[in-house]
Amino acid sequence: MAGVELRQLRYFVAVAEELNFGRAAERLLIAGPSLSQQIKALERDLGVRLFDRDRRSVSLTPAGSALLPHTRALLERADDLQHRARRLSGSDPVRLGYVNWLPADVTARTSAVAQLHIDAWIAPSHTQAARVADGSLDLAVCWVRSEDLERHGLEARLIGADRLYAVAAGDDTGDVAAEDTVVLLDDDTTSWSSWNTYAEQLAHDTGAHAARIFDGGITGPAFFDHVRRSGRPVINSPKGQTTPLPPDLVQRPVVAPEVYWTWSLVRRAGEVRTAVLAVVDALCEEVGDLGIHDPGAWLPDGDPHKL
1 MAGVELRQLR
11 YFVAVAEELN
21 FGRAAERLLI
31 AGPSLSQQIK
41 ALERDLGVRL
51 FDRDRRSVSL
61 TPAGSALLPH
71 TRALLERADD
81 LQHRARRLSG
91 SDPVRLGYVN
101 WLPADVTART
111 SAVAQLHIDA
121 WIAPSHTQAA
131 RVADGSLDLA
141 VCWVRSEDLE
151 RHGLEARLIG
161 ADRLYAVAAG
171 DDTGDVAAED
181 TVVLLDDDTT
191 SWSSWNTYAE
201 QLAHDTGAHA
211 ARIFDGGITG
221 PAFFDHVRRS
231 GRPVINSPKG
241 QTTPLPPDLV
251 QRPVVAPEVY
261 WTWSLVRRAG
271 EVRTAVLAVV
281 DALCEEVGDL
291 GIHDPGAWLP
301 DGDPHKL
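Numbering (the UniProt record's numbering), first residue to last: 1 to 307.
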């Protein structure tokens, strides 16, 4: 029992709730093999098998079912202890800004190391990076280039990635080559500076058709109208990744290459606050490469996570 970690117990609960290692790994934002290894280590330390698993299914063993409620109770007590300790310490919160995406369990993963305050101002990537540089934020989840990091004196860790897909009219949901898609660039550079930079290089590198728009239609109903008027599938932006599609439109995987957008957790290069550095580690230590280094993947030049 000496080797059992609270992190491993949280992993056990996630797998028990999902009954699928792949979905649990996505929820925890860690690599699948890492999750499997941690569960095996936990089973070894506890001396019992927690799951029965084969290629098609995962189920709790009788021992796993018996231990699950006790594990949840233990984690609740640990969380309560951490909250009480933070209140007694009087330490300043770590301020985190973002654009439109955060890990679903960001608070749970950082509660042991810091008082995390998620900033209410949701702003574009370039704005959030600048706010970290000027001290308005301690951390931000945003899209950055290596030149942005150098200019602002920032450092970045990979925290997430979206594989972008195309939206098309009709009922064909098959793969579409990147060169047969359209990518939109918006005239509003205040809001869409990062996306425009990304989209221009995507068009240059893959042969996708770049179309300039002037109505803010990178997302929302105006985006769907552009898709309907287009003769080609249109690349969806990261801000629209989870938006439900109207019934007359479909999602199509983009291939040759597979197109990825990365999310970085950025901090000041000279950061020395223990709480800030601990939050970075808690959120990024087991992220893995999220597919961005696969042979068929595309990232723009200047992406800090491109090999």
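Even glycine gets a Cβ: it sits at the ideal position worked out from N, Cα and C.
Closest residue to residue 118 among 137, 182, 38 (Cα-Cα distance)
It is 137 whose Cα lies nearest to the Cα of residue 118.
Within a Cβ cutoff of 7 Å, which residues of the same chain sit near residue 240, ignoring the five residues on either side of it in sequence?
Close CB contacts of residue 240 within its chain, under the 7 Å cut and outside five residues either way in sequence, are with 219, 223 (chain order).
Close beta carbons around residue 251, own chain, < 7 Å, minus the five adjacent residues each side
165, 167, 173, 245, listed in sequence order.
Which whole-angstrom value describes the C-beta separation of residue 24 and residue 6, a residue pair presumed to lie in contact below a C-beta threshold of 8 Å?
Contact between residue 24 and residue 6 does not hold, since their C-beta atoms are separated by about 16 Å, which reaches or exceeds 8 Å.
Strand pairing of residue 260, partner residues [DSSP]:
Answer by DSSP bridge pairing, in chain order: 163.
Proximal residues to residue 187 (C-beta, below 8 Å), its chain only, five neighbours per side dropped:
Contacts found: 212, 213, 214.
Rounded straight-line distance, which links the Cα of residue 114 to that of residue 273
Between residue 273 and residue 114, the C-alpha separation is close to 11 Å.
On the three-state DSSP scale, how would you describe residue 294?
Annotated three-state conformation of residue 294 is coil, per DSSP.
Assuming residue 163 and residue 302 form a contact by the criterion Cβ under 8 Å, report the distance between their Cβ atoms to the nearest whole angstrom.
At roughly 19 Å, the Cβ-Cβ gap does not stay under 8 Å, so residue 163 and residue 302 are not in contact.
Straight-line CA distance for residue 216 to residue 126?
Distance between the alpha carbons of residue 216 and residue 126: 18 Å.
Given 8 Å, three or more beta-carbon pairs between the segment 25 to 32 and the segment 103 to 113:
Yes, since at least three Cβ pairs between the segment 25 to 32 and the segment 103 to 113 fall closer than 8 Å, the two stretches touch.
From which residue to which residue does the alpha helix (DSSP H) around residue 252 run?
Annotation for residue 252: no alpha helix (DSSP H) segment contains it, though the beta strand (DSSP E) segment containing it runs 249 to 255.
Is it buried or exposed for residue 348, if we count other Cβ within 10 angstroms and need 16 for buried?
Lying outside 1 to 307, the shown extent of the chain, residue 348 is not represented and no answer is given.
Closest to residue 112 by CA distance: which of 279, 289, 18 is it?
The option with the nearest alpha carbon to residue 112 is 279.
If residue 158 and residue 254 are in contact, beta carbons under 8 Å, what's the gap, nearest whole angstrom?
Rounded to whole angstroms, the Cβ separation of residue 158 and residue 254 is 21 Å, and the two are not in contact under 8 Å.
Rounding to the nearest angstrom, what Cα-Cα distance links residue 49 and residue 19 in this structure?
In this model, residue 49 and residue 19 are separated by some 15 Å (Cα to Cα).
Residues near residue 147 by beta carbon distance below 7 Å, same chain, minus five either side:
These residues qualify, in order along the chain: 302.
Can you tell which of 132, 143, 150, 258 has its C-alpha closest to the C-alpha of residue 205?
Selected option, being the one with the closest Cα: 258.
Could you spell out where the alpha helix (DSSP H) holding residue 39 opens and where it closes?
That run of the alpha helix (DSSP H) goes 32 to 46.
Chain B within 7 Å of residue 6, Cβ atoms only
Absence of chain B from the displayed structure is noted, only one protein chain being present.
Take the Cβ of residue 293 as the centre, count every other Cβ of all protein chains shown within 10 Å, and call the residue buried at 16 or more, exposed below.
With fewer than 16 other CB atoms across the displayed protein chains lying within 10 angstroms of its CB, residue 293 is exposed.
Have a look at 160, 161, 97 and flag the residue whose alpha-carbon is nearest the alpha-carbon of residue 132.
Closest in C-alpha terms to residue 132, from the list 160, 161, 97, comes 97.
For residue 185, which beta-bridge partners are listed by DSSP?
Paired residue(s): 212.
Limits of the unbroken alpha helix (DSSP H) element including residue 229:
For residue 229, the uninterrupted alpha helix (DSSP H) segment begins and ends at 220 to 229.
For a test of the three-state rule: what should DSSP assign to residue 81, helix, strand or coil?
Helix, per DSSP.
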